[in-house]
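Trainee: Residue numbers (the working numbering): 1 to 428. Even for Gly, the Cβ is constructed at its ideal location relative to N, Cα and C. Keep in mind that this is a model prediction, so the values were computed, not measured.
Below, the structure is given as structure tokens:
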């Protein structure tokens, strides 16, 4: 049997896992695809770097172009990260008729449409399961498992770093800064955690899921994003007291043929399946008109979970290659994009206010909600233990984002409100 030769771009955590799985499961994998799978060439940043896996020295190169331009290589597996330069490598590989497996969420969120168009033109495969939620096969599920259904909602905990931080804050009553420091020490958070904690990583993943779920080209700029750096342990304590858990939740919704996508700290009802997703684990909750509610849970990162998705994609690419059907399964967006306007995006809200502790304040505040047609589900007023202000905790019924923006803007003019301490979306 003629071997299928693979070029690997990157030998970090995931690249190492790919080699471990391909070599460790070679007998099963070659039986599934009808050919041995050979890692022919590996592009690395530093040839002399110490590694916890053995790779023949003649297979290593510091020049990715040496991998891309190798005529014997059938499939490029990209796990090196990066965007602009990596896009050049991928497009050139496609131009040369090579198939692509990538774990690069940034690349696919920003340039997925361009890459998939080139793949269609050259009749090549591009698979990218590992770009979202690591070891959870959510991309394959959206493309194939939901192909007969109409997805109306996708909610995801798709960033393990922020979920670890919020879980520890909830379980231990620790502050954001304390848990972030611990997450960095454990290797769950980067030294510069901005992409994770400000929601950018999750936003890129939700752009990918929204594109696949709604068959339209969701761009990063279409995603409304806010992160968790402003979440306090007091916010989480209030959430738990009211029966919620705080999660950084990605939400993609469809109303008729209009869509909205957001990533924001969200209070999730404790009875909802997503509320029990803790630590570095990920989960994606999907609602389809026919199937109803389903949830997919698992490891969102890590060497072997992510590499499992990469190698599964590699198997699919090789099967298509052997059957002569490469590039025939188009997953390019085919619907025109229409974003839902703010006046039509509705959800429940949690608001924590610090106000003057005197008679009549609550009446003034509730009057403002009434003025903008925002109905209140619950209102609790209590003394503030740390200063002479009072605290008012409000949970609204579903209210449009536009109406809530007007309420909050009006609060700025009300002298009895000392501070709008917290505002969060509520789900479940």
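Mind checking which residues open and close the beta strand (DSSP E) that includes residue 64?
Mentor: No beta strand (DSSP E) contains residue 64, which is instead part of the alpha helix (DSSP H) from 64-68.
Trainee: Is there a Cβ of chain D sitting closer than 8 Å to that of residue 317, yes or no?
Mentor: Of the protein chains in the structure, only one exists, and it is not chain D.
Trainee: Write down every uninterrupted run of the beta strand (DSSP E) in the stretch 28-57 whose length is 3 residues or greater and which is fully enclosed by it, in chain order.
Mentor: If we require 3 residues or more, the beta strand (DSSP E) runs fully inside the stretch 28-57 come out as 37-43.
Trainee: Give the DSSP-derived three-state secondary structure of residue 334 in the structure shown.
Mentor: It is coil, neither helix nor strand.
Trainee: Verify whether the separation of the beta carbon atoms of residue 154 and residue 255 is less than 8 Å.
Mentor: Cβ atoms of residue 154 and residue 255: not closer than 8 Å.
Trainee: Considering only the alpha carbon of each residue, which of 392, 18, 419, 5 lies closest to residue 302?
Mentor: The shortest Cα separation from residue 302 among 392, 18, 419, 5 belongs to 18.
Trainee: Evaluate residue 198 with the Cβ neighbour count: other Cβ atoms within 10 Å of its Cβ, from every protein chain shown; 16 or more gives buried, anything less gives exposed.
Mentor: Buried.
Trainee: So what does DSSP say about residue 21, is it helix, strand or coil?
Mentor: Residue 21: helix per DSSP, three-state reduction.
Trainee: What are the uninterrupted segments assigned as alpha helix (DSSP H) that are 4 or more residues long and contained completely in the stretch 131-211, given in chain order?
Mentor: Listed in chain order, the complete alpha helix (DSSP H) runs (minimum 4 residues) inside the stretch 131-211 are 160-172, 176-186, 194-197.
Trainee: List the whole-angstrom C-beta distance separating residue 228 from residue 273, where the pair is believed to meet the contact cut-off of C-beta under 8 Å.
Mentor: Not quite, the Cβ-Cβ distance comes to about 21 Å (not below 8 Å), so this is no contact.
Trainee: Which residues in the same chain as residue 43 place their Cβ atom closer than 6 Å to its Cβ, once the five residues preceding and following it in sequence are excluded?
Mentor: Counting only Cβ-Cβ distances below 6 Å, and skipping sequence neighbours, we find 9, 61, 64, 67.
Trainee: Can the beta-carbon of residue 392 be found less than 8 Å from the beta-carbon of residue 362?
Mentor: Against a cut-off of 8 Å, the Cβ pair of residue 362 and residue 392 comes out as a contact.
Trainee: Would you list the one or two residues that DSSP bridges to residue 339?
Mentor: DSSP output for residue 339 lists 259 as bridge partner(s).
Trainee: Please return the same chain residues whose Cβ sits closer than 6 Å to the Cβ of residue 285, not counting the five positions on each side in sequence.
Mentor: Around residue 285: 155, 274, 295.
Trainee: What does the alpha-carbon distance come out to for the pair residue 54 and residue 11?
Mentor: Going from the Cα of residue 54 to the Cα of residue 11 covers about 11 Å.
Trainee: So is residue 52 buried or exposed if we call it buried at 16+ other beta carbons inside 10 Å?
Mentor: Flag for residue 52 reads exposed.
Trainee: Could you give the distance in angstroms between the alpha-carbon of residue 109 and the alpha-carbon of residue 216?
Mentor: Taking the straight line joining both Cα atoms gives about 13 Å.
Trainee: Leaving out five residues before and five after residue 318 in sequence, what residues of the same chain have Cβ atoms less than 6 Å from its Cβ?
Mentor: For residue 318, where only same-chain residues beyond five positions count, the Cβ hits under 6 Å are 4, 33.
Trainee: Please determine, among 87, 166, 79, 354, the residue with the shortest C-alpha to C-alpha distance to residue 134.
Mentor: Checking every option, the nearest Cα to that of residue 134 belongs to 79.
Trainee: Looking at residue 348: is its Cβ nearer than 8 Å to the Cβ of residue 397?
Mentor: Going by C-beta atoms, residue 348 is nearer than 8 Å to residue 397.
Trainee: Where residue 83 and residue 205 are concerned, what is the direct C-alpha to C-alpha distance, given to the nearest angstrom?
Mentor: In a straight line, the C-alpha of residue 83 is about 15 Å away from that of residue 205.
Trainee: Taking only the alpha-carbon atoms, compute the straight-line gap between residue 203 and residue 221 and give it to the nearest angstrom.
Mentor: Straight-line Cα distance between these residues: approximately 9 Å.
Trainee: Residue 105 and residue 131 - do their beta-carbons sit closer together than 8 Å?
Mentor: Contact flag set, yes.
Trainee: Out of 170, 99, 77, state which residue places its alpha-carbon closest to the alpha-carbon of residue 268.
Mentor: Checked all of 170, 99, 77; the closest Cα to residue 268 is 170.
Trainee: Between which two residues does the beta strand (DSSP E) harbouring residue 287 extend?
Mentor: That run of the beta strand (DSSP E) goes 281-288.
Trainee: Buried or exposed for residue 380, going by 16 or more other Cβ atoms inside 10 Å?
Mentor: It counts as exposed.
Trainee: If the criterion is Cβ atoms closer than 8 Å, does the pair residue 309 and residue 129 meet it?
Mentor: Closer than 8 Å, so yes.
Trainee: If residue 281 sits next to residue 163, beta carbons under 8 Å apart, how far is it from one beta carbon to the other, in whole angstroms?
Mentor: With a Cβ gap of about 7 Å, residue 281 and residue 163 count as contacting.
Trainee: Consult DSSP for residue 474 and reduce its assignment to one of helix, strand or coil.
Mentor: The chain is shown from 1 up to 428; residue 474 falls before or after that span and cannot be answered.
Trainee: Within 10 angstroms of the Cβ of residue 1, are there 16 or more other Cβ atoms? Answer buried if so, exposed if not.
Mentor: Exposed.
Trainee: In the structure shown, what three-state DSSP assignment does residue 265 receive?
Mentor: Note: residue 265 maps to strand in three-state DSSP.
Trainee: Are the CB atoms of residue 231 and residue 250 within a distance shorter than 8 Å?
Mentor: No, the pair does not count as a contact, with Cβ atoms beyond the cut-off.
Trainee: Just the Cα atoms here: how many angstroms apart are residue 89 and residue 378?
Mentor: Answer to the nearest angstrom: the Cα atoms are 55 Å apart.
Trainee: Tell me the rounded alpha-carbon separation between residue 405 and residue 366.
Mentor: Going by the C-alpha atoms only, they are around 15 Å apart.
Trainee: Comparing C-alpha positions only, which one of 357, 100, 158, 166 sits nearest to residue 201?
Mentor: Measuring from the Cα of residue 201, the nearest candidate turns out to be 158.
Trainee: Among residues of its own chain, excluding the 5 on either side of residue 212, which ones have a beta-carbon nearer than 8 Å to its beta-carbon?
Mentor: For residue 212, where only same-chain residues beyond five positions count, the Cβ hits under 8 Å are 139, 142, 143, 331.
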